[in-house]
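Numbering (my numbering), first residue to last: -18 to 98.
For every residue, glycine included, the Cβ atom is placed at its ideal position computed from N, Cα and C.
As structure tokens, the structure follows; a few thoughts come after it.
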Amino acid sequence: MSNRIIIIVLLIISVFGAGSIGLVWMRMEISVVAKDCVELEDELEIVAREVHELRAQYSRAMRPSSLASMVNGRLEMPKAQLTYHVSEADMERRLGKSSVAKRSQNHRARGEFAGTQ
-18 MSNRIIIIVL LIISVFGAGS IGLVWMRMEI SVVAKDCVEL EDELEIVARE
32 VHELRAQYSR AMRPSSLASM VNGRLEMPKA QLTYHVSEAD MERRLGKSSV
82 AKRSQNHRAR GEFAGTQ
């Protein structure tokens, strides 16, 4: 055999060997990534269960009967000394003739509403 054939055979063997080692390395990396994906999916499932449980707790807490039982005895009408009464004359005196309430009535009378331009 000539040197040229030996060199070509060695070159072909080294190329296929390097390719084989590359394939084995890629399969190992794929296995590592797949293992990480499984762990993340498991963690995602656990978090999804916790979110579902928290939503259920929130729904139970926001029921009118639950809210009523939580504030039972703590909500009551304010005492007379804590109540302030404001007359229309007081409002006009404090805010003037161009009060926000009067301006909003003017817009309402003209048919102008927020977002209708």
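(message) Quick check on arginine 106: does DSSP put it in helix, strand or coil?
(response) Because the chain is modelled from -18 through 98, residue 106 falls outside the range shown and cannot be assessed.
(request) Report back the beta-carbon spacing between serine 47 and arginine 41 to the nearest angstrom; my notes put them in contact at under 8 angstroms. (result) With 8 angstroms as the limit, serine 47 and arginine 41 qualify as a contact, their Cβ atoms being about 6 angstroms apart.
(message) Rounding to the nearest angstrom, what Cα-Cα distance links valine 67 and tyrosine 39 in this structure?
(response) Their Cα atoms are separated by approximately 39 angstroms.
(message) Please report the straight-line C-alpha distance between glutamine 98 and glutamate 73, rounded to a whole angstrom.
(response) Only weak support is given to the placement of glutamine 98: the predicted model assigns it a pLDDT of 47, under 50, and the question is left unresolved by the model.
(request) Quick one: give me the first and last residue of the alpha helix (DSSP H) that methionine 58 is part of. (result) In the DSSP assignment, methionine 58 falls outside any alpha helix (DSSP H), carrying neither H nor E.
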